[in-house]
Amino acid sequence: MLSPEDVQKVATLARLKLSEEELEQIGQQLGGILDYVAVLDEVDVSEVEPMAHVADVSNAFRADETRPSLPREKSLSNAPKTDGKYFLVPQILENA
Amino acid sequence: MEFTPIIGLEVHVQLLTKSKLFCGCPNLFNPDNPNVQTCPVCIGLPGSLPVMNQEALRLSQKTAMALNLNLANFTKWDRKQYYYPDLPKAYQISQFDLPFSYDGWVEVTLPSSGETTKVRLIRAHLEEDAGKNMHDESGRGGDSKVDLNRTGTPLLEIVSEPDIRCAEEARVFLEELRLLLRYIEVSDCNMQEGSMRCDANVNLHVHEDGEKIPTPIVEVKNLNSFRGVEAAIEYEIKRQVKAWETDRKRIGDVPKETRGWDADRGQTFAQRGKEDAADYRYFPDPDLVPVTTTDEQLEAIRATLCVFPADRRKSYVNDLGLSEYDASVIVDQGREYADYFDEVTSVCGDGKQAANWLTQDVQRELNDRKIEIAEFSISAAVLGSVLQKIVKGDITIKSGREVFAELLKQSDDGTTVSAESVDAIIADKGLGKEQDTGKIDAAIQAVIDNERNAKAVEDVRGGKQQAVGPLIGQVMRELKGADAGSVRQMIIDKLTS
Amino acid sequence: MDITGSTTGQLLDAMQDGTVSAVDVTQAYLDEISAHGETIGAFLSVNSEGSLAQAAEVDRKRSAGEALGKLAGLPVAVKDNICTKGLSTTCASRMLENFVPPYDAHVTTQLQSADAVIIGKANLDEFAMGSSTENSALKVTRNPWNTDHAPGGSSGGSAAAVGARLAPLGIGSDTGGSIRQPASFCGVVGMKPTYGRVSRYGLVAFASSLDQIGPFATDVTGTARLLESIAGYDARDSTSVDQPVPNYSATVDQPLEGLRVGVVSEFFGDGIDSDVDSSVRAAIDVYRSLGAEVSEVSLPHTKYAVATYYLIACSEASSNLARYDGVHYGRRAEQFENMIDMYAASRAEGFGPEVKRRIMLGVFALSEGYSDQYYLKALKVRRLIRNDFDTALENVDVLAGPTCPTPAFKIGELVDDPLQMYLSDICTISANLAGIPGVSVPAGFSSNALPIGLQLLAGPFEEEKLLRAARMFERETDWHTKRPTFS
Chain A
3 MLSPEDVQKV ATLARLKLSE EELEQIGQQL GGILDYVAVL DEVDVSEVEP MAHVADVSNA
63 FRADETRPSL PREKSLSNAP KTDGKYFLVP QILENA
Chain B
2 MEFTPIIGLE VHVQLLTKSK LFCGCPNLFN PDNPNVQTCP VCIGLPGSLP VMNQEALRLS
62 QKTAMALNLN LANFTKWDRK QYYYPDLPKA YQISQFDLPF SYDGWVEVTL PSSGETTKVR
122 LIRAHLEEDA GKNMHDESGR GGDSKVDLNR TGTPLLEIVS EPDIRCAEEA RVFLEELRLL
182 LRYIEVSDCN MQEGSMRCDA NVNLHVHEDG EKIPTPIVEV KNLNSFRGVE AAIEYEIKRQ
242 VKAWETDRKR IGDVPKETRG WDADRGQTFA QRGKEDAADY RYFPDPDLVP VTTTDEQLEA
302 IRATLCVFPA DRRKSYVNDL GLSEYDASVI VDQGREYADY FDEVTSVCGD GKQAANWLTQ
362 DVQRELNDRK IEIAEFSISA AVLGSVLQKI VKGDITIKSG REVFAELLKQ SDDGTTVSAE
422 SVDAIIADKG LGKEQDTGKI DAAIQAVIDN ERNAKAVEDV RGGKQQAVGP LIGQVMRELK
482 GADAGSVRQM IIDKLTS
Chain C
4 MDITGSTTGQ LLDAMQDGTV SAVDVTQAYL DEISAHGETI GAFLSVNSEG SLAQAAEVDR
64 KRSAGEALGK LAGLPVAVKD NICTKGLSTT CASRMLENFV PPYDAHVTTQ LQSADAVIIG
124 KANLDEFAMG SSTENSALKV TRNPWNTDHA PGGSSGGSAA AVGARLAPLG IGSDTGGSIR
184 QPASFCGVVG MKPTYGRVSR YGLVAFASSL DQIGPFATDV TGTARLLESI AGYDARDSTS
244 VDQPVPNYSA TVDQPLEGLR VGVVSEFFGD GIDSDVDSSV RAAIDVYRSL GAEVSEVSLP
304 HTKYAVATYY LIACSEASSN LARYDGVHYG RRAEQFENMI DMYAASRAEG FGPEVKRRIM
364 LGVFALSEGY SDQYYLKALK VRRLIRNDFD TALENVDVLA GPTCPTPAFK IGELVDDPLQ
424 MYLSDICTIS ANLAGIPGVS VPAGFSSNAL PIGLQLLAGP FEEEKLLRAA RMFERETDWH
484 TKRPTFS
C-alpha cells in the first residue's frame with residue numbers, strides 16, 4: 003500500500019498539484035492497481051530479455067542536412083506567454 | 002593538516018554538425034536572433050518525433066577513439082526526465098546504461114613540474130543540449146525568457162574518474178581535451194560561446210592518524226573559462242579545508258552540494274537545492290531505435306583520424322630532435338600550426354631549423370599582426386624553400402631573414418609570393434653565397450692586406466685561432482654571402498701554411 | 004442516390020461516373036452532421052468550409068482530367084490526436100483546447116495526397132486514455148445504436164461517426180484496442196496495423212511503443228482502401244518499417260485457400276457476455292462452412308497482459324505527457340506562486356482524472372527503487388506475450404476471438420471503477436504488446452440490439468491476409484449493412 007507521503011512524492015515528481023481529496027482518491031486507486039499488477043510476481047522472467055521495442059528496427063538515421071526551421075511567429079504561436087521573440091516564464095530562481 | 006584534493010570533471014562539448022541531433026534545424030550559435038532555429042521536433046510539439054543525425058554519432062565515435070575510449074557495438078537512447086523551461090519535452094534524450102563509449106584516458110603534462118599523468122575517463126555519451134534561459138537582471142522579478150535555438154544541439158558528455166589532484170591539472174586536462182577535439186575537428190570548444198562547458202566534482206581526502214577520510218563532494222557547475230576552472234577549484238579546495246577544520250563533516254554526512262562560480266568575486270557560492278531529490282526515471286526512448294556499429298565501420302572511422310597532439314609532440318622530439326618545449330609550443334598552437342610546421346619541415350628537411358623559424362620569426366609576425374597561421378601570407382611551401390636554401394648552404398641565415406622580410410614586404414604590397422619569388426629576391430639582392438673561389442680568395446687577401454688587421458693577422462699566424470673571427474666577418478661583409486666555414490678554413494690555410 | 008448509405012466503393016464509382024460530385028458527397032455528410040452531430044457528439048470540430056473546398060478541388064481535378072488519389076472525394080473523420088496544420092488538435096483535453104499545430108501529421112499528408120476530404124476532428128478519450136470516450140474533457144460521444152451507451156474508446160468519435168454514417172471513413176489510433184473496441188461497439192470495421200506500418204509522426208503520443216494509427220470503414224474493402232493510402236515508410240518516424248505496401252483493396256476479395264483459423268481459448272474466459280460468446284462462435288462456424296481448418300490455440304500469458312500493458316503504457320505516458328507544462332504551448336494556470344507551482348497548477352488544471360491517474364502510475368512505475376519491479380518486469384513479460392503469438396501463429400494463419408468480452412456498456416457504468424474498465428481491454432491489448440495487426444468486423448448483435456465484433460489477428464505485416472480473411476466472413480454475412488436508427 004502507498005502511504006500518503008508516497009503519493010505526494012509521486013505527485014511532486016509528476017508535477018501535479020493535487021488536493022487532499024484527490025491525493026487520497028488517487029492513492030487508493032493506485033493501491034488497487036498495484037495490487038492487481040502484482041499478478042506479474044508469479045511469472046518467472048529470470049531468463050527473459052526485456053522488450054523495449056517491438057519492431058525489429060535498428061540504425062534509423064538521417065543525413066546531416068539542414069531543413070528550414072519554422073518562422074519565429076509559428077514557433078511561438080501556441081505559447082501561453084511571449085514577447086514576440088521569446089517564450090516567457092515566471093522568474094526562475096537559480097540562487098539561494 | 003594533511004590532505005589530498007580529489008577532483009573529477011564532467012565536460013560537455015557541442016559537436017560541429019550542420020544540423021541538430023534529432024531534427025534538421027541548423028546547429029549554429031545565434032543568441033541575438035532567438036527562436037529562429039526551431040521546428041516541431043526541437044520545440045517538442047505534440048506528435049513530433051526525433052530522428053538521429055548519423056554525423057553526430059560518427060563525430061562522437063571519432064572523439065572516443067582520440068580519448069582512448071572503448072567503443073560499444075550496441076548502444077541505445079534513453080530519456081532523462083526533469084523539468085526546466087529550456088527543456089521543452091521535459092526529458093532529455095541521453096544515454097544511460099549503455100553509452101556508446103567507456104573506459105578511456107587522456108595523458109597530461111603539468112607545466113609546473115613537468116610531470117606526466119594519465120587521467121582516466123569513465124565514459125563519453127551523446128545527448129541533446131537544452132535551450133537557454135535568460136533571467137530578468139533588474140531584480141524586480143520579471144519573467145525569464147526562453148530561447149530554443151540551442152535546443153537539440155548534439156552534445157558529448159565526457160566524464161573523468163576523480164583522478165585529478167590539483168587545479169592546475171584540471172586546467173591542463175581541459176586544455177589538452179580542447180586541443181585534441183580541435184585537432185580531430187569535432188568541436189570548436191569555445192568556452193565563451195558555451196561549445197565547451199565544465200562541471201567539477203571536488204572533495205578532499207584528509208589524512209589523519211594513518212586514516213584517509215573523504216569529505217563531502219561538492220559539484221561546482223557551469224565553469225566557462227580555463228582560468229575559471231583553475232580558480233574555482235583552487236578556491237573550493239581552500240574552502241573545503243576550512244570547512245573540515247570547523248565542522249569535520251565526512252562524505253555521506255550531508256547530501257552532495259551544488260555550487261556556482263562567481264568569476265567577478267572569485268568565489269563559489271551555494272546554489273539552492275532542488276525541491277525534491279532528483280529522480281531522473283531513465284528508460285529507453287521508445288521513439289528511437291538502437292544503434293549497432295560493426296568493427297569494420299569503426300575501423301573506417303579510425304582511418305580518418307589525424308595524428309593526435311600527444312603523438313605529434315613525441316614524434317617531434319624523437320624523430321626531429323626538437324626540445325620538448327619547442328615540440329609543445331608548436332603542437333599546442335593547434336592543428337593548422339602544426340600542419341604548417343610539418344610542411345615547412347618536409348620542404349626544408351630540417352625540423353629544428355623549421356621550429357626555430359616558426360617559433361621566432363613567424364610567431365613574431367603573427368603576434369604583431371594579430372593573425373592566425375591560416376591567415377599568414379607566406380605559405381609553408383615558400384618558407385620551406387627559404388629554409389631549404391639555408392640548410393643546403395646556399396644562403397646564410399642572415400640572408401634568409403632578409404629574404405623573409407622582403408617576402409613579407411612584397412605580399413603586404415599585394416603580390417602573392419611563391420618559391421620563384423624567393424629565387425628572384427636572392428638574385429636581386431645578390432644574397433647567394435659566393436661560390437667563386439677566386440673572388441673569395443681576392444676578398445680574403447684584401448682583408449689580410451688591410452693595415453687595420455695587422456694585429457689580428459699576426460695573432461692568427463702565431464696560432465691564436467680565435468683571432469680569425471673578425472677577419473671572417475669582414476670577408477663575409479665584402480662578399481654579402483659565403484659559407485663561413487670554408488672562408489674560415491681558407492684564411493687559416495693562407496696565414497699558417 | 005443515398006450518399007450516406009453507400010459504401011466507399013459505391014461512392015467512388017458514383018463520383019467517377021458523374022452521378023454525384025465530390026461536393027455533393029461532402030455536403031451530404033455535412034448535412035447529416037448538422038442533423039445528428041449533436042445527438043452523437045462524434046466531432047470536436049467540423050471542417051465545413053475546408054472540406055467543401057477540398058471536395059471542390061477534387062471535382063476540378065476530375066473535370067480537368069488530372070490524376071486523382073485513391074480516396075478522391077471521400078470524407079474522413081480524423082481522431083483529434085492527429086495533427087492537422089491550422090486546424091485545432093485538442094486531444095480532447097483542456098490542456099490543448101486552444102492548440103493549433105503548425106504542421107501536419109504524416110497521415111494527414113497521406114490523406115491529402117490521396118485526395119481525401121478531412122471533414123472533421125473526432126472526439127476521443129483525453130489523450131487517447133480510455134475505453135469509452137467518457138474521458139473526453141470536451142464532449143460526450145454516444146453510441147449510435149443506443150445513445151445511452153458508450154461508443155467505446157478511445158477512438159469513440161471516429162467509430163461513432165462511421166457507425167452513424169456521418170462519415171464513410173475514419174482514422175483512429177490504437178494503443179490497447181482503441182480502434183478495434185469502438186469499431187466493435189459501433190458496428191463498423193476497424194483495424195490496428197502492425198507496429199511500424201503507419202508513421203506515428205504527428206500522432207500525439209500516449210504510449211509510443213504501443214500506439215499505431217489505423218482505419219475505420221463501414222466495410223472491409225473501405226478499410227483496405229484507407230489503410231493502403233496511409234501506410235508506408237516515413238523517415239520522420241524512426242520506428243516506421245521500410246516495407247512495401249501491398250495493394251490491399253485489389254486482393255481483398257480473393258478468399259484464402261486452406262485458411263487455418265486458431266480460436267484463442269483465453270479470449271472466451273470468465274466475464275464473457277453470452278451473446279458475445281455465441282455470436283463469435285457462430286462467426287467461427289462461418290469459416291468452418293467456408294472450408295477453413297479451425298483449431299483451438301492458447302496464448303498462455305494472456306492473463307498477464309492487462310497488468311503488463313498498464314505498466315508500460317502508463318510509464319511511457321508519464322514521460323510523453325511531461326511536456327505539457329504551460330511553457331511552450333498548451334494551458335497555463337492563471338494563479339501560481341512561482342515557476343514550479345506554475346507547472347504543477349497548469350497540469351492539475353489541464354488534465355482530467357484518468358490522465359492524472361495514469362501519469363501517477365507511470366511516474367511511480369519508473370521511479371527509483373520501483374522501476375525494476377514494475378517497468379522492467381513488464382518489459383520482460385511483454386516478450387513472453389510476443390512469444391505466445393509467435394508460437395500460436397506457427398500453426399495457424401489467423402487468430403480469432405471476440406474483440407471485447409461485452410457489447411457497449413452504458414455511459415457512466417464503469418467510470419468509477421478504472422480497473423474494471425481496464426479489464427474490458429483483455430482481448431485487444433495483447434496485439435499492441437506484440438506489435439501485430441488486428442481487425443474487428445461486425446459479427447452480430449446482442450439481445451439488446453448492440454453490435455458485437457469478431458476480432459482477427461495475424462503475424463507482423465500480414466495485413467493483406469487479415470483483410471482477405473475478414474472479407475471472407477463479411478461476404479457471407481450482412482451485419483455490416485445494418486444501420487442504426489437514431490433521432
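Protein chains in written order, with the numbering used here: chain A, 3 to 98; chain B, 2 to 498; chain C, 4 to 490.
Here a beta-carbon is modelled for each residue, glycine too, at the ideal position from N, C-alpha and C.
- Sequence-distant Cβ neighbours of P35/B in its own chain, meaning closer than 7 Å and more than five residues away, are D148 and N150.
- Boundaries of the alpha helix (DSSP H) around T346/B: R336 to C349.
- Going by C-alpha positions, A434/C is about 47 Å away from E220/B.
- Per DSSP, the unbroken beta strand (DSSP E) holding L122/B starts and ends at T117 to E129.
- Boundaries of the alpha helix (DSSP H) harbouring D34/C: A25 to I43, taken from the DSSP string.
- Sixteen is the threshold: when 16 or more other Cβ atoms of the shown chains lie within 10 Å of the Cβ of D177/C, as they do, the residue is buried.
- In this structure, DSSP gives S298/C an extended state, which the three-state scheme calls strand.
- Just measuring C-alpha positions, the residue of D286/B, M491/B and Y281/B sitting nearest H55/A is D286/B.
- Here the region 71-80 of chain B lies against the region 89-104 of chain B, with 3 or more beta-carbon pairs under 8 Å apart.
- In this structure, K222/B and T259/B form a Cβ contact; the two beta carbons are roughly 6 Å apart against a cut-off of 8 Å.
- Ranking L88/B, A67/B, Q334/B and I379/B by CA distance to the CA of S419/B puts I379/B first.
- Counted as a single uninterrupted DSSP element, the stretch harbouring G441/C is not any alpha helix (DSSP H) but the beta strand (DSSP E) occupying residues G441 to F448.
- With three or more CB-CB distances shorter than 8 Å, the region 476-483 of chain C counts as touching the region 283-297 of chain C.
- One thing to note: V109/B has its Cβ no nearer than 8 Å to the Cβ of L68/B.
- With a 10 Å radius around the Cβ and a threshold of 16 neighbouring Cβ atoms, V255/B comes out exposed.
- In terms of CA proximity to P86/B, T152/B leads the group A57/B, E138/B, T152/B and R251/B.
- Between R239/C and the set A425/B, E138/B and C24/B, the nearest pair of CA atoms involves C24/B.
- Looking at V358/C, G274/C and E337/C, the one whose alpha-carbon comes closest to that of C430/C is G274/C.
- The beta carbon of V223/C is closer than 7 Å to those of V192, V255, V444, L470, A473, R474 and E477 in its chain, skipping five residues each way along the sequence.
- A368/C and V292/B have their C-alpha atoms spaced approximately 26 Å apart.
- The DSSP-derived three-state label of L324/C is helix.
- Look at K19/A: its C-beta is not under 8 Å from any C-beta on chain B.
- Between D288/B and chain C, the shortest Cβ-Cβ separation is below 8 Å.
- Taking 8 Å as the Cβ-Cβ cut-off, the region 79-97 of chain B approaches chain C at R80, Q82, Y84, P86, P89, K90, A91 and Y92, given in chain order.
- At a Cβ-Cβ threshold of 8 Å, G179/C and Y312/C count as neighbours.
- For W262/B, there is no enclosing alpha helix (DSSP H); the enclosing beta strand (DSSP E) covers residues E258 to D263.
- Around P258/C, the same chain offers M475 as residues with beta carbons nearer than 6 Å, after the five sequence neighbours per side are excluded.
- Three or more pairs of CB atoms, one per stretch, sit closer than 8 Å, so the region 42-53 of chain B contacts the region 201-214 of chain C.
- With fewer than 16 other beta carbons inside 10 angstroms of its own, K393/B counts as exposed.
- Here the alpha carbon of A232/B sits roughly 36 Å from the alpha carbon of C43/B.
- At a cut-off of 8 Å, the C-beta of F75/B has no neighbouring C-beta in chain C.
- A Cβ of chain B is located within less than 8 Å of the beta carbon of V59/A.
- Non-local beta-carbon contacts of I252/B in its own chain, meaning distances under 7 Å to residues more than five positions away in sequence, involve N204, P215, T216, P217 and I218 in chain order.
- Under the DSSP assignment, V458/B falls in the alpha helix (DSSP H) whose first and last residues are A455 to R462.
- Contact of M53/B with chain C by beta-carbon distance below 8 Å involves S241.
- Taking a contact as a CB-CB distance under 8 Å, the pair E169/B and S113/B counts as one, their CB atoms being some 6 Å apart.
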